[in-house]
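Here the structure comes first, spelled out in structure tokens, and everything after it is commentary.
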Amino acid sequence: MEDSELQAIRAKRMQQLRASGGGMAGGPKFGGAEGGQEDAEKKSQMEEMRRTMLIQILDNDARERLARITMVKPEKGRAVEDLLIRMAQSGQLGGKVKEPQLIELLEKINETNRSETKIVYNRRRMDDDDDDLEGLFL
4 MEDSELQAIR
14 AKRMQQLRAS
24 GGGMAGGPKF
34 GGAEGGQEDA
44 EKKSQMEEMR
54 RTMLIQILDN
64 DARERLARIT
74 MVKPEKGRAV
84 EDLLIRMAQS
94 GQLGGKVKEP
104 QLIELLEKIN
114 ETNRSETKIV
124 YNRRRMDDDD
134 DDLEGLFL
């Protein structure tokens, strides 16, 4: 996908949001139930925009793999989606991301986030002293 296509989609979406009163230029809106409904509407619109961008960025196999990852680990799936969207917006992706490319990206993410488990044994010195028992068992 080319940058010009993404920019056109973003511009169209921003126009739709502004037309529906969802633009950020108006500032926060107060009004009880209406505000909650507007927030829910904005949130659903943003999720829909996110889904359409991911459809444009990923091919079918990669999208399926990402969906399986999101089912198992929602926070990790969301982080990968965010990364892919940022990469597409900055022009780092050349065309649709295929499943092997997604796997490669996931491996890189796992390498950077991998933390080693370290187990430390703390022995008690006072109560667990075997020197006290030497004379008892002869």
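Counting the sequence shown from 1 gives a position; my numbering is that position plus 3.
Glycine is no exception: its CB is placed at the ideal position from the N, C-alpha and C atoms.
Residue i - DSSP class collapsed to helix/strand/coil
i: Leu96; result: coil
Residue i versus residue j: straight-line alpha-carbon distance, rounded
i: Ile58; j: Ala91; result: 12 angstroms
i: Thr55; j: Leu108; result: 21 angstroms
i: Ala43; j: Gln95; result: 32 angstroms
i: Ala14; j: Ala82; result: 24 angstroms
i: Glu110; j: Glu78; result: 16 angstroms
i: Gln18; j: Gln10; result: 12 angstroms
i: Arg16; j: Glu84; result: 19 angstroms
i: Gly39; j: Gln48; result: 14 angstroms
i: Met52; j: Asn125; result: 53 angstroms
i: Ile112; j: Arg21; result: 36 angstroms
i: Glu41; j: Glu119; result: 45 angstroms
i: Lys121; j: Lys46; result: 41 angstroms
i: Glu50; j: Asn116; result: 26 angstroms
Nonlocal neighbours in the same chain, by C-beta distance under 7 angstroms from residue i, ignoring five residues either side
i: Gly80; result: Leu69, Ile72, Thr73
i: Ser23; result: none
Neighbourhood of residue i by C-beta, 8 angstroms cutoff - its chain only, sequence neighbours within 5 removed
i: Lys101; result: Asp62, Asp64, Ala65
i: Val1; result: No answer is possible for residue 1: the residues shown for the chain start at 4 and end at 141.
From the options, residue whose alpha carbon lies closest to that of residue i
i: Ser7; options: Glu114, Arg53, Ser93; result: Ser93
i: Ile88; options: Val75, Lys76, Leu105; result: Leu105
i: Pro103; options: Glu67, Ser118, Glu41; result: Glu67
i: Ile12; options: Glu41, Lys45, Ile60; result: Ile60
Residues near residue i by beta carbon distance below 6 angstroms, same chain, minus five either side
i: Lys32; result: Low confidence applies to Lys32: its pLDDT is 47, below 50, so where it sits in the model is not reliable, and the reading given next is rough at best. Within the same chain, Lys32 has close Cβ partners Gly38.
Residue-level contact to chain C via CB, residue i, 8 angstroms cutoff
i: Leu109; result: Absent from the structure is chain C; it holds one protein chain and no more.
I'd like the ranges of any alpha helix (DSSP H) spanning at least 4 consecutive residues and lying wholly in the stretch 41–89. List check, alpha helix (DSSP H) in window: 63–75.
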